[in-house]
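In this note's numbering, the protein residues as written are 82 to 485.
A short worksheet on the structure shown next.
This is the structure in structure tokens:
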């Protein structure tokens, strides 16, 4: 299906209309297709944009198991790399955790999200799946009935309608699924962590063979390998800082300072390919089902990037939703759909709690200095000391760091 074909207004039908071609939408589409459920995926971006969106790249062991279980992990195993070490650099020194030997003894697999999405997209289209690019979902109607519909707008501005038995909202926090929720039907939990990061992609090899977490009086700095040629860095910055406010030289100098390169070795520098400012926020919607409209991925919950949980939650939720929809549509059993929201929220809240713990571990409390700030700073140092010395704390960290 070409972009020009997909942008033409049309009226179509499918048993399940999936909004969004990110990890949640594409895993869901692949599983529904394999389960004999008629579905269509609608995506507002073009094919090229979908394949190039840079996001997280650390996949949990459970995510790999899900993709393996459904024959979706070929590219991951061919290009992904196992990773199991993180290093903390603080005012009290540095220490490492080989988390694959702790807790449940599970590693991460490093596989950039745009590569995973490309793999899922190729598999879906090769299997005959229907996917319309450049087709923006505008609104979901009739979710309280058994024939919901979706108003869409193509790249040419013309509108059309898709109708199904269910609509799966996998289109993010600003998508049509969230916007279409009936007033008063949802509890929206929000938390602003009060921290902002300058998120950077550098055309430079990794500078250490671990995920690097640096806690410094000037703010947090992070190092995460993506590929042998590209590295993700994070720099804590003032809220409201424009992405282009800092020169490349200033960024590299600040990274070197906060990561204590003079003590532990220089950073391997290179041109910055991408930069953005990320405000660390979290939110959760309850419930995740509203009649015939079901939410997954970032449409269901947003989680701060402090613990790399977003894509992993999306894949887990997509599998749960696919099984529930197949049970209902193919076997006439609605029980799994009735339980879908509660099962997902159990995982979501666990991930949110750990993400919040990581924010507190890595950052000084924002705001004015004083006795309260000093108290919280001492608590942070105590947490790091426990993580450095306590076997039970290390096991808890490893289980939650990799688990979803």
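Ideal Cβ placement from N, Cα and C applies to all residues, glycine included.
In this text the structure is predicted, and so the values were computed from the model without any measurement.
Item                                                                                                                 : Value
Cβ neighbour criterion (16 or more within 10 Å) applied to residue 280                                               : buried
Among 158, 157, 204 and 192, the one whose alpha carbon lies nearest that of residue 114                             : 204
Assigned exposure category for residue 144 - 16 Cβ within 10 Å defines buried                                        : buried
Pick from 310, 201 and 274 that is closest to residue 433, judged by C-alpha positions                               : 274
Three CB pairs or more closer than 8 Å across the segment 338-358 and the segment 294-309                            : yes
Distance between residue 230 and residue 85 (C-alpha atoms, nearest Å)                                               : Residue placement at residue 85 cannot be trusted, given a pLDDT of 37 that sits under 50; the coordinates are not used to answer.
Uninterrupted beta strand (DSSP E) stretches inside the segment 98-123 (no shorter than 3 residues)                  : 120-123
Residue from 366, 130 and 116 with nearest C-alpha to residue 264                                                    : 366
Cβ-Cβ distance between residue 319 and residue 353 below 8 Å                                                         : no
Segment limits, beta strand (DSSP E) that includes residue 175                                                       : 174-179
Start-end ranges of the alpha helix (DSSP H) lying completely within the segment 293-350, minimum 4 residues         : 329-339 and 342-345
Contact belief for residue 225 with residue 246 at Cβ below 8 Å, rounded distance in angstroms                       : The pair is not a contact, with the Cβ atoms about 14 Å apart (cut-off 8 Å).
Nearest-angstrom Cα separation, counted from residue 180 out to residue 291                                          : 11 Å
Simplified DSSP state of residue 127, which is helix, strand or coil                                                 : coil
8 Å contact criterion, which residue 189 and residue 157 should meet: CB distance rounded                            : 12 Å between Cβ atoms; not a contact.
Assigned exposure category for residue 138 - 16 Cβ within 10 Å defines buried                                        : buried
Segment contact flag, the segment 193-201 with the segment 163-171, C-beta cutoff 8 Å, min 3 pairs                   : no
Proximity to residue 200 [Cα-Cα], best of 110, 251 and 241                                                           : 110
Nearest to residue 272 (by Cα), restricted to the options 101, 211, 124 and 384                                      : 384
Rounded separation between residue 266 and residue 259 - CA only                                                     : 11 Å
Residue 68 - containing alpha helix (DSSP H), residue span                                                           : In this structure the chain extends from 82 to 485, so residue 68 is not present and cannot be described.
Pair within 8 Å by beta-carbon distance, residue 485 and residue 410                                                 : no
Own chain partners of residue 172 with C-beta closer than 8 Å, once the 5 adjacent residues on each side are dropped : 296, 297, 298 and 462
Inter-residue spacing [alpha-carbon to alpha-carbon] between residue 94 and residue 424                              : 29 Å
Between the CA atoms of residue 395 and residue 124 - distance to the nearest angstrom                               : 16 Å
Cβ pair residue 372, residue 252 closer than 8 Å                                                                     : no
Cβ-based neighbour list, residue 321, same chain, cut-off 7 Å, excluding 5 preceding and 5 following                 : none
Alpha-carbon spacing of residue 479 relative to residue 439, whole angstroms                                         : 12 Å
Host alpha helix (DSSP H) of residue 457 (start-end)                                                                 : 452-470
C-beta atoms of residue 121 and residue 213 nearer than 8 Å                                                          : yes
Reference residue 369, options 427, 232 and 358, closest by Cα                                                       : 427
CA-to-CA distance, residue 420 to residue 350, given in whole angstroms                                              : 49 Å
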